[in-house]
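Residue numbers (my numbering), protein chains in the order written: chain A, 12 to 161; chain B, 398 to 527.
All C-beta atoms in this analysis are idealised placements derived from N, C-alpha and C, irrespective of residue type, glycine included.
Values in this document were obtained by computation on a predicted structure and should not be read as measured data.
For reference, the structure is listed below as structure tokens.
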């Protein structure tokens, strides 16, 4: 039986769950509010929010295992965005790469994850890149304690 | 997305801090250019063939940012996070045509184009920001 995706929001408190649909709507409209929410979330929970655009195969793998994984030959880590809007921008680019370089349509889904501050401090910040947003790179062990919201 | 650029790429060995396994046919990561646009940029590469025994291959590369167009001859490094995994060179159009029409193998053509180690000419990868 297919699981309810929201049930996979491991460890999220009720308030966060209740606010999430509202926050998602606000994030689409204002990057500033997005950053403000990120700061409040970090202060309140001790965790840092990130976003990542994943292809359907990665999304299905996340639903199945609830952990990030890397295939052989792929980048041994994950690129993350600070804002939903930036993740959507990179997701759109990944879709375009799949169309132009591989000749296939690959829709992307933005997932939200939170990482303990201690792990976030170990991640690599790539700065503001591509004119799109601030990007981070995390190895798989740095995402070991990530809480996914799918 | 930017226009297609022809590049030669040399993957670093594991001992040099490179990858454990070569990437697949299409590889999306970030790159740092030795000249031209400063900073790190998202790139996608489509390899013409798997890397040879020396880790060399040719590829079509595209940048996410269409306004960025580094000139031919620009050296770059492919990064995975802060880790440098490959070095590359943007090929001039004539070189690309010559390699294609001469039918030379990738190892020879790359050797001809890349005459010295790239790593000395590139800035160190960005530091970890806590």
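Comparing the C-beta of residue i with each C-beta of chain A, is any distance below 9 Å?
{"i": "residue 441 of chain B", "result": "yes"}
{"i": "residue 407 of chain B", "result": "no"}
{"i": "residue 457 of chain B", "result": "yes"}
Anything in chain A within Cβ reach of residue i, meaning under 9 Å, just list it in chain order.
{"i": "residue 412 of chain B", "result": "Going along chain A, no residue has its Cβ under 9 Å from residue 412 of chain B, so there is no contact; the nearest lies around 17 Å."}
{"i": "residue 461 of chain B", "result": "100, 101, 104, 107, 108, 140, 141, 142 and 143"}
{"i": "residue 426 of chain B", "result": "86 and 90"}
{"i": "residue 423 of chain B", "result": "108, 109, 112 and 113"}
Say whether chain B places a C-beta atom closer than 9 Å to the C-beta of residue i.
{"i": "residue 73 of chain A", "result": "no"}
{"i": "residue 135 of chain A", "result": "yes"}
Count the other C-beta atoms from every protein chain shown that fall within 10 angstroms of the C-beta of residue i, then say buried if there are 16 or more, exposed otherwise.
{"i": "residue 116 of chain A", "result": "exposed"}
{"i": "residue 446 of chain B", "result": "exposed"}
{"i": "residue 78 of chain A", "result": "exposed"}
{"i": "residue 464 of chain B", "result": "exposed"}
{"i": "residue 411 of chain B", "result": "exposed"}
{"i": "residue 128 of chain A", "result": "exposed"}
{"i": "residue 45 of chain A", "result": "buried"}
{"i": "residue 453 of chain B", "result": "buried"}
{"i": "residue 83 of chain A", "result": "exposed"}
{"i": "residue 54 of chain A", "result": "exposed"}
{"i": "residue 75 of chain A", "result": "exposed"}
{"i": "residue 429 of chain B", "result": "buried"}
{"i": "residue 450 of chain B", "result": "exposed"}
{"i": "residue 119 of chain A", "result": "buried"}
{"i": "residue 93 of chain A", "result": "buried"}
{"i": "residue 417 of chain B", "result": "exposed"}
Going by DSSP, what residues sit across from residue i in a beta bridge?
{"i": "residue 81 of chain A", "result": "Residue 81 of chain A pairs with nothing; no bridge assigned."}
{"i": "residue 423 of chain B", "result": "B:443"}
{"i": "residue 457 of chain B", "result": "B:403 and B:443"}
{"i": "residue 480 of chain B", "result": "B:477"}
{"i": "residue 429 of chain B", "result": "B:437 and B:474"}
{"i": "residue 119 of chain A", "result": "A:66"}
{"i": "residue 146 of chain A", "result": "A:92 and A:138"}
{"i": "residue 158 of chain A", "result": "A:125"}
{"i": "residue 60 of chain A", "result": "A:125"}
{"i": "residue 485 of chain B", "result": "B:406 and B:473"}
Going along chain A, which residues have a C-beta under 7 Å from residue i?
{"i": "residue 436 of chain B", "result": "138 and 140"}
Please list the partners that residue i has in chain B, where partner means a Cβ-to-Cβ separation under 8 Å.
{"i": "residue 83 of chain A", "result": "418"}
In chain A, which residues lie with their C-beta within 8 Å of the C-beta of residue i?
{"i": "residue 477 of chain B", "result": "86, 87, 88 and 148"}
Can you pull the chain B neighbours of residue i, defined as C-beta to C-beta under 7 Å?
{"i": "residue 67 of chain A", "result": "Result: empty, since nearest Cβ-Cβ is about 16 Å, beyond 7 Å."}
Kindly give me the distance between the Cβ atoms of residue i and residue j, rounded to whole angstroms, as I take these residues to be in contact under 8 Å.
{"i": "residue 401 of chain B", "j": "residue 408 of chain B", "result": "About 20 Å separates the two Cβ atoms, so there is no contact after all."}
{"i": "residue 91 of chain A", "j": "residue 147 of chain A", "result": "5 Å"}
{"i": "residue 159 of chain A", "j": "residue 124 of chain A", "result": "5 Å"}
{"i": "residue 459 of chain B", "j": "residue 414 of chain B", "result": "Not really, about 25 Å apart at Cβ, beyond 8 Å."}
{"i": "residue 144 of chain A", "j": "residue 97 of chain A", "result": "3 Å"}
{"i": "residue 161 of chain A", "j": "residue 121 of chain A", "result": "Incorrect: roughly 10 Å between the Cβ atoms, too far for contact."}
{"i": "residue 51 of chain A", "j": "residue 436 of chain B", "result": "Actually they are not in contact, since the Cβ atoms of residue 51 of chain A and residue 436 of chain B sit about 29 Å apart, beyond 8 Å."}
{"i": "residue 423 of chain B", "j": "residue 439 of chain B", "result": "Wrong, their Cβ atoms sit about 13 Å apart, outside the cutoff."}
{"i": "residue 469 of chain B", "j": "residue 433 of chain B", "result": "Incorrect: roughly 11 Å between the Cβ atoms, too far for contact."}
Tell me, please, whether the CB atom of residue i is closer than 9 Å to any CB atom in chain E?
{"i": "residue 426 of chain B", "result": "Note that chain E does not occur in the displayed structure, where the protein chains are A and B."}
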